[in-house]
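Reviewing the structure listed below.
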Amino acid sequence: MSAAPKSSLASLSPVDDDGDSVVDTEEGSDQEEVNVHFEDSFESGEPSQQNVRLEEHIKLQHLEQLMYAFTNHNPEDILVQEGTGYFPAKVQKRSPGCMNLQEFKDTIFKILGTAEYDEYLEKLFMKLDTSGDNYVDWNEFCSHLLVLYRENDYLRKKNDIPFMVEPKIRHIVHNKQEQTTKVVAVQGPVRYVTISKEGAMSVWQPNMVMEKHYCIADLEVDPSSQKRRFKMWVTDAVYMPNCQKVAIASTSRDIRFYDVSSSQYFEEYHLFAMTDVPYCFDYYYNVKQPNTESFLVFGVDTGSIHILTFHKPVNQLFENPFKNDGGVQEIFMQDLPNHSQWVSHKVLTDIHPELVRQVRYLPENEAIISSSGSPRNSLVICDVTAIKKSYVFKLEKAVECFDHNKNINLLVTGSGDHIVRLWNPYVTTKPTAVLTGHNTGVIGVAIHEGFRQVFSYSKEAVIKVWDIKEHVCLQTFAIKFPSALNGRMPEHGQFPVHLQGPPYSAFVVTCNDYIAVLRLGKVETTVYNQEVTHDTQLCSAIYNNFLKQVRPEKATLAIWT
């Protein structure tokens, strides 16, 4: 076997203990100098650091010595049968440059000057022996290192930690020590709106300066009345961008629609007397056609899912009354059919046996993802038209939170068993990855498509950043909320996290009556130069001899000639 060229060693680019590339600055070194260095290393090898992987311990000088050892390895032939007076001896010829297990281990021991990798070398030898002949050569060893260093280089370039500075933490005074149920981001200009459990609404600028606050108006209590009223709690809120509204649900079985198009927010509609408590929201509209059908999806405490379809949401959401006194328009839920020109109502019953924790509408498939605390159907992807089958995910500790991204075909769930799971949305039997590391239950997850990362948040106010491709934890960040100091377990609302996109890229977290904003560091996204034929992944391809058609998920056609 001929010696590998010098350039092949440089392409391996091993890294030193500081993570920098090791570059050989000596030039003109001939084979004799390498040989002397090789012999000297037998006497004084550099001891490896504790818990350092073998491949990370190997430096460029070690690679030169290994290449020399492999290329100059001329093993003796193996005697299979001794010769007799009538028959010559049978000998198995061995190829130069090929080492068996013991020879491979002895060479590594001599070059590194340590025998601590004995057990690992046996596993590595089996991995390198791709041909199964019980021998390895220099090319096989180089191929292994190239793959490993390429993976390490990918992690170093791609996986820059997103949180570079300390978060801005602010006290939400108007919450009156109650936790925040939800934080939403409204547009034009960007403002964070926090809504507390008891209905305190605070508006924050992106630099975390509080701008104004409101109180959600509950029904006035008559002091002379002998009836005892229960206390209203906010369950969720969602921003409706195309009509500049914020919908807020409460345990009073109602939904309040606040107009946020001007500097002063005000309640415009009040949908009341619902049969069940709306507990979680999602909203979808067509960005290119904002005044077309938009969907307000909400799950209720009985396990059903409701869909309010607004036909012309930019114009108005409900029918205007004949007499308009300028106040809040009250809409009785039972009278909703009278508003059919503007809104329609649909119910998907018995999706879950208990309260629906979270919902997400998928417009491409006309499906809804929903989660609950039931181990029997922890997460369900159901068809709105009830024609296609439902996908049911079963987890013993149920699903506390989830996030979905269609472009990368990824579903992420967080559970009370401290585990984050990555799923193919259409494979319910087993997750593609199980990410462990949290010490308490996971109550918030978010997918950052540009970074190809998942952010998870646990009950002890700890954020972990996971790489989607490598399934490794890139960063752990503990937020030092005042309410979480001295070993106290903080309290959270149902939806404690919000991922804000550019230009104010940030991860927003609420805890008790505090809010924290963590600005995301600049991470360059990979630009793919490969030409694509569609703007989404293909779900099917039908070949036609005459038309040459391909049908992707959005039902568009590509005509090929």
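Read in full-length UniProt numbering, the sequence shown has 488 at position 488, and its numbers run on one by one without any break. No residue lacks a Cβ here, since even glycine has one placed at the ideal position from N, Cα and C. No experiment lies behind these values; they were computed from the predicted model shown.
key: Cβ contact check for the stretch 508-517 and the stretch 165-174: 3 or more pairs under 8 Å   = yes
task = Compute the Euclidean distance between the alpha carbons of isoleucine 248 and tyrosine 258, then round it to the nearest angstrom.
result = 8 Å
ask   = Helix, strand or coil: how does DSSP classify glutamate 140 here?
value = helix
query = So, using beta-carbon positions, are leucine 317 and cysteine 382 closer together than 8 Å?
reply = no
key: Where the alpha helix (DSSP H) through aspartate 118 begins and ends   = 118-128
Three-state class that DSSP yields for alanine 433 in the structure shown = strand
query = Within the chosen definition, does the stretch 338-345 reach the stretch 353-360 through at least 3 CB pairs nearer than 8 Å?
reply = no
Residue environment, asparagine 377, which counts as buried when at least 16 other CB atoms sit within 10 Å = buried
message = Just list the residues that DSSP pairs cysteine 215 with in beta bridges.
response = Ala200
task = Give the straight-line distance between the Cα atoms of phenylalanine 70 and leucine 60, rounded to the nearest whole angstrom.
result = 15 Å
ask   = For lysine 346, which beta-bridge partners are listed by DSSP?
value = Ile307
inquiry  = Just to confirm the assignment, what range does the alpha helix (DSSP H) spanning tyrosine 426 have?
reply    = Note, tyrosine 426: premise wrong, no alpha helix (DSSP H); not H, not E.
query = Taking just the CA atoms, how far does tyrosine 117 sit from glutamate 56?
reply = 12 Å
message = In the DSSP assignment, the alpha helix (DSSP H) including glutamate 55 goes from what residue to what residue?
response = 54-57
query = If we count the other Cβ atoms within 10 Å of its Cβ and call it buried at 16 or more, is cysteine 511 buried or exposed?
reply = buried
ask   = valine 476 by DSSP, collapsed to three states: which one?
value = Note that residue 476 is threonine in the sequence shown here, rather than valine. Strand, per DSSP.
key: Residue closest to glutamate 64, alpha-carbon to alpha-carbon, out of Leu112, Gln334, Val165, Tyr120   = Leu112
message = Within 10 Å of its beta-carbon, does tyrosine 283 have 16 or more other beta-carbons around it, so buried, or fewer, so exposed?
response = buried
task = Could you check what DSSP says for threonine 251 in three-state terms: helix, strand or coil?
result = coil
request  = Would you be able to state if there are at least three C-beta pairs under 8 Å between the stretch 193-205 and the stretch 234-242?
outcome  = yes
request  = If I'm right that glycine 97 touches aspartate 129 with Cβ under 8 Å, what's the distance once you round it to whole angstroms?
outcome  = Contact flag wrong, Cβ pair sits at about 14 Å.
request  = Output the distance between the C-alpha atoms of glutamate 364 and asparagine 286, rounded to the nearest integer angstrom.
outcome  = 11 Å
ask   = If you check the beta carbons only, do valine 420 and valine 427 fall under 8 Å apart?
value = no
inquiry  = Checking 8 Å against the spacing of the C-beta atoms, do cysteine 280 and glycine 299 come in under that value?
reply    = yes
Glutamine 179 classed as buried or exposed, judged by whether at least 16 other C-beta atoms fall within 10 angstroms = buried
ask   = Can you name, in chain order, every residue of its own chain whose Cβ lies under 7 Å from the Cβ of tyrosine 504, other than the five neighbours on each side?
value = Val190, Pro206
task = Using 10 angstroms around the beta-carbon of tyrosine 121, count the other beta-carbons present and answer buried if the total reaches 16, otherwise exposed.
result = Here the sequence assigns leucine to residue 121, which means tyrosine is not the residue at that position. Buried is the call here.
query = What are the residues that DSSP puts in a beta bridge with glutamine 102?
reply = Per DSSP, none; premise fails for glutamine 102.
Exposure of isoleucine 408, with buried meaning 16 or more beta-carbon neighbours within 10 Å = exposed
Serine 390 beta carbon near the ligand GDP (any heavy atom closer than 7 Å) = As for the ligand GDP, it is missing from this structure, which has no ligand bound.
ask   = What's the C-alpha gap between glutamine 289 and valine 297?
value = 19 Å
request  = Return yes when the Cβ of cysteine 401 is within less than 8 Å of the Cβ of valine 442, no when it is not.
outcome  = yes
inquiry  = Measuring alpha carbon to alpha carbon, tell me which residue in Val462, Tyr265, Gln177 is nearest tyrosine 239.
reply    = Tyr265
ask   = Which of the three DSSP states, helix, strand or coil, is assigned to lysine 459?
value = coil
query = Quick one: any contact between the stretch 452-461 and the stretch 475-493, if contact means 3 or more CB pairs under 8 Å?
reply = yes
Inter-residue Cα distance where the pair is valine 209 and glutamate 166 = 17 Å
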